[in-house]
Amino acid sequence: MNWAVFGLALYFALAIERGLAGLLAIPDATSGVSPSFVLILVVWVALQAPSSTAIWAGLIAGLIVDLVSGVGQEGVVGPHALGFAVAAFAVLQMRGMVYRQSGLTLGVMTFLGGLARATCPKHSAV
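Taken in order, the sequence shown gives residues 77 to 202; the numbers are from the working numbering.
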């Protein structure tokens, strides 16, 4: 995997996620839920890249999201990093059973990765 291309894709995914969060959010009584384009990127990398590369990509993407979202200002850096690494690991465990080139596979794996990510502390659902 080319890390420069991953960095550029991560930048665009994060820009779209942060820029369109209010527009794409589903209003709720307690908090709005919006899609995570970074999670989609991490799941796609976990489906296509070698195992160690996928875990590192999840950690790096999560650290970037932690720093951009302001979690790092509270003194805790890592909830998103842990969540994305767990999501990448969950996808790695199931990728041998799926057809990797299918768009439906990416959608289902993103949903399952989001469920795995939501089990981490201080994190909301997909």
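Built from N, CA and C at the ideal position, the CB exists for glycine as well.
If you count every other CB in all the chains shown that lies within 10 Å of the CB of S200, and 16 or more means buried, which is it?
-> Stepping through the sequence shown from its first residue, residue 200 is reached at position 124. Because S200 sits at a pLDDT of 46, beneath the cut-off of 50, its placement in the model cannot be relied upon, and the following sentence gives the value as read from the coordinates. So S200 ends up on the exposed side.
Within its chain, find whatever has a CB closer than 7 Å to the CB of D142; leave out the 5 residues flanking it on each side and keep chain order.
-> Numbered from its first residue, the sequence shown carries residue 142 at position 66. The residues are G148, V153, G154, P155, H156 and A157.
Starting from L115 and walking both ways along the alpha helix (DSSP H), at which residues does that stretch end?
-> As a working mapping, residue 115 is identified with position 39 in the sequence shown. Judged by DSSP secondary structure, L115 falls within the alpha helix (DSSP H) whose first and last residues are F113 to Q124.
Looking only at its own chain, which residues have a Cβ that is under 6 Å from the Cβ of A192, when we skip the five neighbours before and after it?
-> Counting from 1 along the sequence shown, the entry for residue 192 is found at position 116. Closer than 6 Å at Cβ, skipping near neighbours: V162, A163 and A166.
Using the C-alpha atoms, what's the distance from S178 back to G95?
-> Taking the first residue of the sequence shown as 1, we reach residue 95 at position 19. Taking the first residue of the sequence shown as 1, we reach residue 178 at position 102. Their backbone Cα atoms lie some 28 Å apart in a straight line.
Where P126 falls, given that 16 or more other Cβ within 10 Å makes a residue buried | Residue numbering aside, residue 126 sits at position 50 when the sequence shown is read from its first letter. So P126 ends up on the exposed side.
List the DSSP bridge partners of I136.
-> Counted from its first residue, the sequence shown places residue 136 at position 60. The partner list for I136 (beta bridge, DSSP) is empty, contrary to what the question assumes.
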